[in-house]
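Asks: So for the sequence shown, UniProt numbering puts the first residue at 1; every next one is plus one.
The C-beta atom is built at its ideal place from N, Cα and C for all residues, glycine as well.
Note that the structure is a prediction, hence the values are computed from the model and not measured.
Have a look at this one before I ask anything.
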Amino acid sequence: MDNKKYIGLLNYMKDLGSVVVAFSGGVDSTFLLRAAKEALGDKVAALTIVAPYIPRWEVSEAKELVKKIGIRHEFLEVPTIIDEIKLNPKDRCYLCKKTLFSMVKSFAKNNGFEYVVDGTNVDDINEYRPGLRALKELGIRSPLLENGLTKSEIRELSKELDLPTWNKASYACLLSRIPYNTELREEDFDKIEKSERYMIDNGFKVVRVRCHKDLARIEVPRNDIKRLIVMDLLDEISLKFKEFGFKYVSLDVQGYKTGGFNSDIEGEVKQDAKRTFTRG
């Protein structure tokens, strides 16, 4: 592929020698894993985290993707919610990443890999992602970010590489569906996952179901709201969501927005981004 950034990425990966790719099965980590294989061959392993707040269908998709790429695939089992984030603090992403990626680093060290890499890209630094600070502190490398690749470029290159994820909707762990300073419960993750999967299977590829205890707040892009407001469909959604464990079901008329609970901490969002990516 004659693309300067992609060639630069391959050379960057070769210089690392051997890597563990933190692999979720999303657009970025799939592209990164494909590039890592091209650059390093069998000196690569994909490691997928399995936790209560990672949708099971996403783990299944990750398995299939790695199988197609043809790379060693391992799983980091985290069977319960880690103590540091049980009350969903504002810096839960930082605390979670610090704990989980410390485990990933241990895996890499114990299995003879030199580096851990993740799929952070250039666009991520403009969002509230305190977890990126944890990655920086742990020495996790972010090849896509360090080679100046944006989300749109990653999608374009993924399409050229014939990766099935090139047009996959962006996703995030289910922790982002719960308001800050709210006790995290595994039963909430279960009903969120089932509800979102139901919406996806009904053609709403971009959807978030925010959980306010017994109330589900559905977010879809504004141009999908009209398609959603059909009485028979609304009745069906309400019935299904209640089967999944919600008592009340609502629609956010403002539509989908990334980081739906971050508006309450807007000042901290800006400060965290500035602090994390100030280059010294």
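1) Could you work out which residue in Asn111, Glu127 and Ala134 is closest to Asp118 when comparing CA atoms only?
2) Could you tell me whether the Cβ atoms of Val50 and Leu10 are closer together than 8 Å?
3) Helix, strand or coil for Asp18, going by three-state DSSP, please let me know.
4) According to the Cβ coordinates, are Leu144 and Asn121 closer than 8 Å?
5) Of the residues Asp224, Val253 and Glu196, which one's Cα is nearest the Cα of Cys173?
6) For a test of the three-state rule: what should DSSP assign to Glu219, helix, strand or coil?
7) Give me the DSSP bridge partner(s) of Thr80.
8) Can you check whether the CB of Arg92 is closer than 8 Å to the CB of Leu85?
9) So who's on the other strand from Glu74, going by DSSP bridges?
10) Distance, Cα to Cα, Val19 vs Arg72?
11) So is Leu215 buried or exposed if we call it buried at 16+ other beta carbons inside 10 Å?
12) Report the rounded CA-to-CA distance for Arg129 versus Cys96, giving the unit in angstroms.
13) Go ahead and pull the three-state DSSP assignment for Leu251.
14) Who are the near neighbours of Ile7 in its chain, counting only those whose CB is closer than 6 Å to its CB and skipping five residues on each side?
15) Have a look at Lys242 and Phe204 and give me their C-alpha separation to the nearest angstrom.
16) Go ahead and pull the three-state DSSP assignment for Tyr94.
17) For a quick check, are the C-beta atoms of Ser158 and Phe23 less than 8 Å apart?
18) Which residue or residues does DSSP assign as beta-bridge partners of Tyr115?
19) Indicate the three-state DSSP secondary structure (helix, strand or coil) for Arg208 in the structure shown.
Replies: According to the data block:
1) Ala134
2) no
3) The sequence given here places Ser at residue 18; Asp does not occur at that position. In this structure, Ser18 counts as coil in the three-state DSSP scheme.
4) yes
5) Glu196
6) strand
7) Its beta-bridge partners do not exist; DSSP assigns none.
8) Sequence inspection shows Ile at residue 85; the Leu mentioned does not correspond to that position. Result yes, Cβ atoms of Ile85 and Arg92 sit closer than 8 Å.
9) Leu47
10) 11 Å
11) exposed
12) 12 Å
13) strand
14) none
15) 19 Å
16) helix
17) no
18) Val19
19) strand
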